[in-house]
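Here the structure is laid out as C-alpha cells; the discussion comes afterwards.
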Amino acid sequence: MLKPSSSVQYLKGVGPAKAELFTKLGISTVMDLLRHYPRHYIDRTTLSSISALSPGQNYTVMGTIQGFQVRPTRDGRRDFILLLSDNTGRVECIWFNQPFLQKVFRTGQTVVVSGEVGYYRGKQLKNPVYEILSEEDQELIHTGRIVPSYRLTAELSQKVLRRTVKRSLDGCLSLVRESLPRHIIKRRGLLNLKDALRQIHFPDDWTLQQKARERLAFEELFYFQLLLARRKRRAQDPSHALAFSPDGPLFSRFMESLPFRFTAAQNRVLEDVKKDLSSRRVMNRLLEGDVGCGKTVVAVAASLIVADNGCQVAFMAPTEILAEQHFSTASQLLKGLDVNVACLLGKTRPKKKEQILKDAAEGKSHLIVGTHALIQEQVQFARLGLIIVDEQHRFGVLQRAALIGKGIFPHVLVMTATPIPRTLAMTVFGDLDVSVIDEMPPGRRKVITKAVAEGERAKVYELLARKVREGRQAYVVYPLVEESEKIEQLMAATEMAQKLSRHPVLRGVRVGLLHGKMRTDEKEQTMKSFKSREIDVLVSTTVIEVGIDVSNASIMVVEHPDRYGLSQLHQLRGRVGRGSHESYCILVKDRDIGEDASRRLGILVNCDDGFKIAEADLAIRGPGEFLGTRQHGLPDFKIAELLSDGPLLTQARREAFLLLENDPELSHPENAPARRTLSELGSVSGGPPLS
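First residue of the sequence shown: 1, per our numbering; consecutive thereafter.
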C-alpha cells in the first residue's frame, strides 16, 4: 500500500529511472512531492464558446473532435491540424511540426484546449495546451481550471509533474497526518493539512488557493519560530545563569567619569542589559543602532558590570581594523580605572600573545578584544561571563557557538550597526531579545547627501580640494581593486588613486590607498597615516565600511554607487559626519544608470534613517542578498516569503512562544502533532545548537 513515506518510484508512471529525475528536485518520497509547491498558476477557468473567439487573445474552449489530419508544408514541416466544434461553431487547432499527435486523438472525443487565437484562412488556436476528457468526465488538471506550474528539471515536463502530483493526492492524501495542533488551527482559522495540500496544487478557486498558501506558510514560519523558542528557553535556563550585581564600583566610577551624558535611548538599552545580567537567566540580546549612535560605550559599560563581579569579557569583531578600533575606544574610555584590556589578533607577536593567553587563563584580563583569533583552541578564559559580538551578520553560526563554548553559558550581547528589518530580526536573530538605540548623541550633524552625474566630477574634485585646504580629510570609494574584464567600465581604486594625485585641481593633495588585498601591516600603516593627517584623501574599497573612525574626515565620494546595496551605502556614509564640521556624501552616478538605480539612490539622498533604508534595501534586494550570504541562519522556506508574510510571521512567532510557555516539553496530548513534526525535523532529542 502506497504511503506518504513511500518512494516516488512506486507511483504509477514513475519507476526507478524517472525517480532519479525527481531526486534532482529534492523529491524522494510521496510526501516530498506533495510538499513541492507550485511556483505560480495559470488561470484557465473560463470556458469560452467558439463563436466568441477573437484573434490575438488567449482562450479556453471545450468541444468535440470532428476530424484531424497531418498537413505537409513547403519548408518540410508536418503540422497536425484538428477540427473542434461546439454548439456555436467550429475552430481549427494547429500544432506545428507535431505529427505524432495523430496517435493521441480520436474523432468524437471531448477535449478542452487553451491557447492563443490566430488567423490564417480562418480562426486558429495555435499550439494549444490540451486535455482529453474520458467518458467518466474525469477531473481536469491541465486546463479548464486554475492550473499549477512547478519548478522543473530537464526531462520532466509540467504535464508529467502535474499528473504525478494528482496521483499522489488521490492515492495518499487520506494517510497524511495533521502537523499542527488542532487548537492553533482553530484559533487562527486555518485549513487542515489535507485540504491545504489539495487546494495548493489544484485549487477550486483563488480564495481557497490563498487560504491553502496561508496555512502552509504559517506552518513553515511556526516551526522555525518553535525551534528558536526552544533554543531561547535552553539558553536562558536559570540553572546555567551567572547573576551579576549591576552597580559595582568600576561601573559607577565609569559612568561618573564620562565627559558626556547618555542619550535616553542609551539609558533605556543599558537598563535592558542590566536587567538581563542581574536576572537568573542567560542574556541573549541583539543591540541595534545606527552608525555613531553610541553602541560601543554601552557595551563597555556592560563589560564593567561583569568585571565588578569577578568575570571576564570577550569582545569579538569581524576585522582586525574594527577590533583595534574597539580596543582603542575601550582603552580610552577606561583610562584611570583599574581594568586590564587586551587585544588579541592573528598578527599579535608570539611573546605578547603568550602573555595575553596567560592573563586570560589566570583571570587577570578583564576585557579581551579580538577577531576570530579569540575562538582558537589555545585561548582559555578563567571565568568568561559575557561575550560581545560586533557586526553579527558577518559571523557564521559556528564561530559564535565556538566562543560561547569557552564559558559556562556566558551572557551574549550581539551588536550591529546595520539595522535589521523586523522580519529578518524575527528569523535570523529570532532567539535574541532586541534593544534599539534609535537616537543620536547631541551635536551630531546630518551628512549632506547628493547624487551627481559623471560629468560633474570636476566640481566634486573642486569641493574636495577646498575642504582639504580648510584642513578636512576625505574618502573616495571605488567598488573594485583592479581592472575587471567583466565590468570594464568600473575604475579600479589603484588606478584612480594615481589619477587623483595627478589631477590639476588636487595638486599638492596627499592621496593614499587602502584595499582588501593589501597586507595587514600595509593597511595599518595607511590608516595610521590617515588618522595622523599625513594623508588628505584616502582612496579605498569598502574595507572602510566598518570600523574606521576619523572625526576630521568630512567628505565621502562614492563612485559607481549603484553597485552597492542601500544599507552598505548608508554604512559608508556613516564614516563621515563624526566631528563638528559640515559633512558631505557625494554619489557619482554612471552615465547609463537605470531608472531603478536612480530611484534607489534617491532614497539615500532623502533619508538618513538607517531602519527605513534597511527596509527599502530588503524590499529591493531580497533577504539572501541583503545578508550577503546564505550561511547566516536564513531559513530556506518552500512557500513562506519574508518580505510579504510579516504579519503571518508575527502570528506564528506568538503561537510558537505561547505553546512552549504552556507546554515546554510538548507532552500534552493535544500538542502531539507539534512534537511529532519536530521529531521529524530531527530536533526533539538534542535541539538545534546555540547560535
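For each residue, glycine too, the CB sits at the ideal point set by N, CA and C.
- Straight-line spacing of the CA atoms in Asn97 and Arg78 works out to 5 Å.
- Comparing alpha-carbon positions, the option among Arg653, Val509, Leu169 and Gln312 lying closest to Glu362 turns out to be Gln312.
- Check the Cα spacing between Tyr475 and each of Ile420, Glu559, Pro148 and Asp433: the tightest is with Glu559.
- For Gln332, the uninterrupted alpha helix (DSSP H) segment begins and ends at Glu320 to Leu333.
- Beta-bridge partners assigned by DSSP to Cys172: none are found.
- Per DSSP, Thr449 is one residue of the beta strand (DSSP E) stretching across Ile448 to Ala453.
- Take the alpha-carbon of Asn606 and the one of Lys232: they are about 39 Å apart.
- Taking a contact as a CB-CB distance under 8 Å, the pair Leu242 and Gly370 does not count as one, their CB atoms being some 21 Å apart.
- Non-local C-beta neighbours of Asn58 in its own chain, meaning closer than 8 Å and more than five positions away in sequence, comprise Ser114, Gly115, Glu116 and Val117, ordered along the chain.
- Close CB contacts of Gly108 within its chain, under the 7 Å cut and outside five residues either way in sequence, are with Thr64 and Ile65 (chain order).
- Distance from the CA of Glu324 to the CA of Thr677, rounded to the nearest whole angstrom, comes to 46 Å.
- The criterion of a C-beta distance shorter than 8 Å is satisfied by Ala465 and Val509.
- A contact between stretches requires three or more CB pairs, one per stretch, nearer than 8 Å, and the region 425-434 fails this requirement with the region 450-461.
- Fully contained in the region 142-173 are the following alpha helix (DSSP H) runs of length 4 or more, in chain order: 158-172.
- Ranked by Cα distance from Gln376, the first of Arg167, Glu391 and Leu344 is Leu344.
- Under DSSP, Arg285 forms a beta bridge with Leu413 and Asp433.
- Using a Cβ distance threshold of 8 Å, Asn284 and Val412 count as a contacting pair.
- When secondary structure is reduced to three states using DSSP, Met527 falls in the helix class.
- Per DSSP, the unbroken beta strand (DSSP E) holding Lys123 starts and ends at Lys123 to Leu133.
- Sequence-distant Cβ neighbours of Arg198 in its own chain, meaning closer than 7 Å and more than five residues away, are Leu169 and Leu173.
- Cα atoms of Arg182 and Glu670: separation of roughly 7 Å, rounded to the nearest angstrom.
- For Gln69, there is no enclosing alpha helix (DSSP H); the residue is part of the beta strand (DSSP E) that begins and ends at Asn58 to Pro72.
- Here the region 433-442 makes contact with the region 256-271; the two share three or more CB pairs at distances below 8 Å.
- Rounded to whole angstroms, the separation of the alpha carbons of Tyr478 and Thr494 is 9 Å.
- For Leu648, the CB contacts under 8 Å within the same chain, skipping 5 residues up- and downstream, are Glu214, Ala217, Phe218, Leu221 and Ala640 in chain order.
- Nearest to Ile42 by alpha-carbon distance, out of Lys18, Val111, Asn127 and Pro148, is Pro148.
- Residue pairing for Tyr475: DSSP places it in a beta bridge opposite Leu538 and Met556.
- With distances taken between CA atoms, Thr29 lies nearest to Val14 out of Val14, Arg280, Met316 and Arg39.
- Thr164 and Ile141 have their C-alpha atoms roughly 11 Å apart.
- Per the DSSP secondary-structure output, Gly118 pairs in a beta bridge with Gln124.
- Arg145 and Pro128 have their C-alpha atoms some 15 Å from each other.
- Taking all protein chains shown into account, Gln498 has fewer than 16 neighbouring C-beta atoms within 10 Å of its C-beta and is therefore exposed.
- Counting along the chain, Asp79 sits inside the beta strand (DSSP E) bounded by residues Arg78 to Asp86.
- In this model, Arg39 and Ser644 are separated by some 16 Å (Cα to Cα).
- Here DSSP, grouped into helix, strand and coil, assigns Ser598 to helix.
- One thing to note: Ile81 has its Cβ within 8 Å of the Cβ of Phe68.
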